[in-house]
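In this note's numbering, the protein residues as written are 183 to 495. Taking it in order: structure first as structure tokens, then the write-up.
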């Protein structure tokens, strides 16, 4: 597999440790009765499910395409993650917010053993750090823009950073609850916000990929500059890109050439341009070139430059 045979097992490690976190937080909740700890327990359950989806994606992403699935399974983790997060997070957020409202309306104080509860949450924080360390050890995978596993590793990093912040909020809540009775309810709402923010970020990025956004602006400018360097090209009529996944980009271009050029010359030029554009970035996997013999209009080239320059990152 890309980045080493053991790469997907980082996700199994994450599933096991997130499940352990959920168990520790369940014990902490029994000890303290803290709603913030309860929210973090559900957060860990959600993270375990999401890590399972990422693991399946890491395994399937390297399966060979078939006649039925010509582009393979590279989009599976994006689709599965949207479905699982939408269902889980909706249920979790509703559960926590309803209980927070009821807690504030009745008795918001935490009467359990907050000291031992804090120790258990401290262990959960150590587990988050262990997951991040295991991912860091696989940095050769997620730092490589051409790696098929890069998107799922980045999703795991984001998931764990949000988990770390939620655990921190739970510990602060346990320490403040004896002084400010409402701290627990407010912390549970804050943790719900963290869960929603993390999920919203992941879902937004996944939807962008499924809808099909353009390649990054810097890459597109490199392609445009390369095309502009060919003396055989008299105009660039159109330039588009399509990111099937972040590491699988198609470049589609229509180039104006001298209409007197013969087919053999155009084929040679096409092969040359394709080869050099593919060498710009390993994420570019396919280049589709069409030639046009229409009258030259430099406004096309200038318009494309303006459009690419105004693209968001």
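Beta carbons: idealized from backbone N, C-alpha and C, even for Gly. Bear in mind the structure is a predicted one, so any value in this text is a computation, not a measurement.
Here the C-alpha atom of residue 226 lies approximately 17 angstroms from the C-alpha atom of residue 192. Contact annotation: the region 413-420 does not touch the region 384-401, with fewer than three C-beta pairs closer than 8 angstroms. In the three-state reduction of the DSSP assignment, residue 443 falls in the coil class. The Cβ atoms of residue 292 and residue 216 sit closer than 7 angstroms to each other. Assignment of residue 420 by DSSP, reduced to helix, strand and coil, places it in the strand class. About 4 angstroms separates the beta carbon of residue 469 from that of residue 456, a gap short enough to meet the 8 angstroms contact definition. Annotation for residue 474: the continuous beta strand (DSSP E) segment containing it runs 466-474. For residue 361, the secondary structure class from DSSP, reduced to helix, strand or coil, is coil.
As computed with DSSP, residue 272 is found in no beta bridge at all. For the options 254, 325, 224 and 429, the alpha carbon positioned closest to that of residue 203 is the one of 224. The Cβ atoms of residue 409 and residue 486 do not sit closer than 7 angstroms to each other.
Pairing residue 460 with residue 444, the inter-Cα distance amounts to about 24 angstroms. Distances from the CA of residue 463 to each of 434, 430, 439 and 454 were compared; the closest alpha carbon is that of 430. Scanning its chain for C-beta atoms nearer than 6 angstroms, with the 5 sequence neighbours on each side dropped, one finds around residue 371 the residues 282, in chain order.
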